[in-house]
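Some notes on the structure that comes next.
Protein chains: 2
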Amino acid sequence: MESKGKKILIADDEPDILEIIQYNLTKEGYEVITAKDGDEAIGKAKIVRPDLIILDIMMPKKNGVEVCEVLRSQPSFKETLILFLTALSDEGSHVRGLETGADDYVTKPISPKVLISRVNALFRRVNKEPEDKTLKIDGLTIDPAKFEVMVGGKDITLAKKEFELLYLLASRPGRVFLRNEILNQVWGNEVIVGDRTIDVHIRKIRQKLGLDCITTVKGVGYKFNL
Amino acid sequence: MESKGKKILIADDEPDILEIIQYNLTKEGYEVITAKDGDEAIGKAKIVRPDLIILDIMMPKKNGVEVCEVLRSQPSFKETLILFLTALSDEGSHVRGLETGADDYVTKPISPKVLISRVNALFRRVNKEPEDKTLKIDGLTIDPAKFEVMVGGKDITLAKKEFELLYLLASRPGRVFLRNEILNQVWGNEVIVGDRTIDVHIRKIRQKLGLDCITTVKGVGYKFNL
DNA sequence: TTTATGTATTAACAAATTGTGAACTGACCC
DNA sequence: GGGTCAGTTCACAATTTGTTAATACATAAA
Numbered sequence: 000m001e002s003k004g005k006k007i008l009i010a011d012d013e014p015d016i017l018e019i020i021q022y023n024l025t026k027e028g029y030e031v032i033t034a035k036d037g038d039e040a041i042g043k044a045k046i047v048r049p050d051l052i053i054l055d056i057m058m059p060k061k062n063g064v065e066v067c068e069v070l071r072s073q074p075s076f077k078e079t080l081i082l083f084l085t086a087l088s089d090e091g092s093h094v095r096g097l098e099t100g101a102d103d104y105v106t107k108p109i110s111p112k113v114l115i116s117r118v119n120a121l122f123r124r125v126n127k128e129p130e131d132k133t134l135k136i137d138g139l140t141i142d143p144a145k146f147e148v149m150v151g152g153k154d155i156t157l158a159k160k161e162f163e164l165l166y167l168l169a170s171r172p173g174r175v176f177l178r179n180e181i182l183n184q185v186w187g188n189e190v191i192v193g194d195r196t197i198d199v200h201i202r203k204i205r206q207k208l209g210l211d212c213i214t215t216v217k218g219v220g221y222k223f224n225l
Numbered sequence: 000m001e002s003k004g005k006k007i008l009i010a011d012d013e014p015d016i017l018e019i020i021q022y023n024l025t026k027e028g029y030e031v032i033t034a035k036d037g038d039e040a041i042g043k044a045k046i047v048r049p050d051l052i053i054l055d056i057m058m059p060k061k062n063g064v065e066v067c068e069v070l071r072s073q074p075s076f077k078e079t080l081i082l083f084l085t086a087l088s089d090e091g092s093h094v095r096g097l098e099t100g101a102d103d104y105v106t107k108p109i110s111p112k113v114l115i116s117r118v119n120a121l122f123r124r125v126n127k128e129p130e131d132k133t134l135k136i137d138g139l140t141i142d143p144a145k146f147e148v149m150v151g152g153k154d155i156t157l158a159k160k161e162f163e164l165l166y167l168l169a170s171r172p173g174r175v176f177l178r179n180e181i182l183n184q185v186w187g188n189e190v191i192v193g194d195r196t197i198d199v200h201i202r203k204i205r206q207k208l209g210l211d212c213i214t215t216v217k218g219v220g221y222k223f224n225l
């Protein structure tokens, strides 16, 4: 899975737990940073500016609640999501944890799947619009969200297929795409079109961009290079 | 306690639980409405427009997950907070519940104090943006609070759907909205309308605004640009 | 140089998508 | 009941995009 562009800081003094959570959240597409005690958590939080902080409550140096209080007292961490992950399941801790300003309070043991769901739920609530898939290479900008291509600050209008083809090639500059790969990616498996069709689209792209950024690899396919 | 101006709808088929929760949340300052099955929950939700909906999962008529799905598929309930309160503590239900679009998943039995903490935590997170959602782009002003559009100081009257469509597009200038996205956002998942319907509304907006601010991206969708 | 192979170019055609005017359906309001 | 309006659909026109076929061009091996 590719990056969601979200950074998560996990603080726990048990290396095993740290590792399990890190593995699972990374697999889910998050960027994970770890800390093994309260002070380290605060230190790293200030540096990496995570979007979410997962805190164990019982930790050396500073416990989770203290970490939460310290962070919440700073304006720049008012908005940061905080989730307590703890073995303390008593009512008092639960209430206190949330009243310290945490956004969620989860008790161990917890399955990775459930934790991931809860993390996703937190982001879903806060998220505006995720990831920007814009490609920027030299003077060329390809923005699939806006369906827009710019060359040297000038807008170029591409048709759907042209855009998809260009985006495919530009997504991996230098890599050669076989004609078959192109057909599968841009046209789909069931659609059958002739080989010349690709050529024609390539030509239109070259023409419209006015850039020599697509190279023909004879007998093989095409590649993007800038 | 004085009112927090927040309305909470609770749906559960056990009268005792309903009463306990209602009592506690009311004491905390919330305005509480109750429902004893899924259908009633949906019905009342549409009328009272609660800020938070607490759903039991196992209920007559429609279960909680179904209620959640129905509501989330409607544009006006996209932002409403939903919390599952259930006896189902298995991992699958938990994950499924959250993935349906709920904001929290809590298992019974739960102490009133903890529930209140979690409810408060949900509101705390959401309330942080009491912002003015008015969009101002160039000479165009779109105010969803007043349901009003102005072009160059002149009032324009748009119908509901027209307004929602314009607001959606204008909320992210430049970004292309697929026809599907538009249908989901403006009409909701369960409503099925023809493709021409979007076109017609787009046309009316263009006509009324007298501005060329909506661009057609053939084969893809529409985008706002000013 | 010739030939074989594969690509570029072009114009013409086919297909897909969108724009438009008119008309239909319910709500709602005199 | 007649009128108005929002929302929707329809049929068809207008437009854009996708594809093909035919031909010209380029390159490397024989």
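For the protein sequence lines, the chains are A and B, in the order given.
Residue numbers for the first sequence follow numbering that gives the first Met the number 0, beginning at 0 and rising by one.
Residue numbers for the second sequence follow numbering that gives the first Met the number 0, beginning at 0 and rising by one.
Glycine included, every Cβ here is placed at the ideal spot set by N, Cα and C.
| query | result |
| --- | --- |
| Give the C-beta separation of A44 of chain B and L70 of chain B to the nearest angstrom, bearing in mind that I take them to be a contact with Cβ-Cβ under 8 Å. | 6 Å |
| In whole angstroms, what is the alpha-carbon distance linking W186 of chain A and Y166 of chain A? | 13 Å |
| Tell me the rounded alpha-carbon separation between L17 of chain A and P49 of chain A. | 16 Å |
| Whole angstroms is fine: what's the gap from K26 of chain A's alpha carbon to V94 of chain A's? | 31 Å |
| Could you tell me which residues DSSP pairs with L139 of chain A in its beta bridges? | A:I136, A:V150 |
| I'd like to confirm the pairing. Which residues does DSSP put opposite G196 of chain B in its beta bridges? | Residue identity differs from the one stated: residue 196 of chain B is Thr in this sequence, not Gly. Partner(s): none; T196 of chain B has no beta bridge. |
| Under the rule that 16 or more other beta-carbon atoms within 10 Å means buried, what is I191 of chain A, buried or exposed? | exposed |
| Would DSSP call L164 of chain A helix, strand or coil? | helix |
| What residues of chain A sit near D102 of chain B, judged by a beta carbon separation below 7 Å? | A120, R124 |
| With a threshold of 16 other CB atoms inside 10 Å of the CB of E39 of chain A, please say whether the residue is buried or exposed. | buried |
| Just the Cα atoms here: how many angstroms apart are E1 of chain A and T133 of chain A? | Caution is warranted here: a pLDDT of 45 is assigned to E1 of chain A, below 50, making its placement in the model unreliable, and no coordinate value can be reported. |
| Measuring straight from C-alpha to C-alpha, what distance separates L208 of chain B and P74 of chain A? | 42 Å |
| Mind pulling the chain A residues with CB within less than 8 Å of E98 of chain B? | S116, N119 |
| Starting from the Cα of K222 of chain A, find the closest Cα among A:E189, A:N188, A:V199, A:I181 and give me that residue. | A:I181 |
| Could you work out which residue in A:G151, A:I201, A:V125 is closest to F162 of chain A when comparing CA atoms only? | A:I201 |
| Using 10 angstroms around the beta-carbon of L225 of chain A, count the other beta-carbons present and answer buried if the total reaches 16, otherwise exposed. | exposed |
| In the DSSP assignment, the beta strand (DSSP E) including F223 of chain A goes from what residue to what residue? | 220 to 223 |
| Counting only Cβ pairs nearer than 8 Å, list the residues of chain B close to E90 of chain A. | S110, K112, V113 |
| List, in order along the chain, the chain B residues whose C-beta lies closer than 9 Å to that of F146 of chain A? | R174, V175, V216, V219, G220, K222 |
| Since L54 of chain B and F76 of chain B should fall inside the 8 Å C-beta cutoff, what is the C-beta to C-beta distance between them, to a whole number of angstroms? | In fact, because the Cβ distance is near 12 Å, the residues do not count as touching under 8 Å. |
| Under 9 Å, CB to CB, which of the residues in the region 64 to 88 of chain A have a partner in chain B? | K77, E78, L80 |
| I'd like to know whether the C-beta of K207 of chain A is nearer than 9 Å to at least one C-beta of chain B. | no |
| Below 8 Å, can you find three or more Cβ-Cβ pairs linking the region 89 to 106 of chain B to the region 99 to 118 of chain A? | yes |
| Using a Cβ-Cβ distance under 9 Å, would V94 of chain B count as near chain A? | yes |
| For a contact defined as C-beta to C-beta under 9 Å, what are the partners of K159 of chain A on chain B? | V216, K217, G218, V219 |
| For L139 of chain A, count the other beta carbons within 10 Å of its own beta carbon; 16 or more makes it buried, fewer makes it exposed. Which is it? | buried |
| Bridge partners for Y104 of chain A per DSSP, in chain order? | A:F83 |
| Determine, using beta carbons only, whether S72 of chain B and N179 of chain B come nearer to each other than 9 Å. | no |
| K145 of chain A: which of B:C67, B:I52, B:L168 sits nearest, CA to CA? | B:L168 |
| Starting from A144 of chain A, follow the alpha helix (DSSP H) in both directions and report where the run begins and ends. | Run containing A144 of chain A: none; DSSP gives neither H nor E here. |
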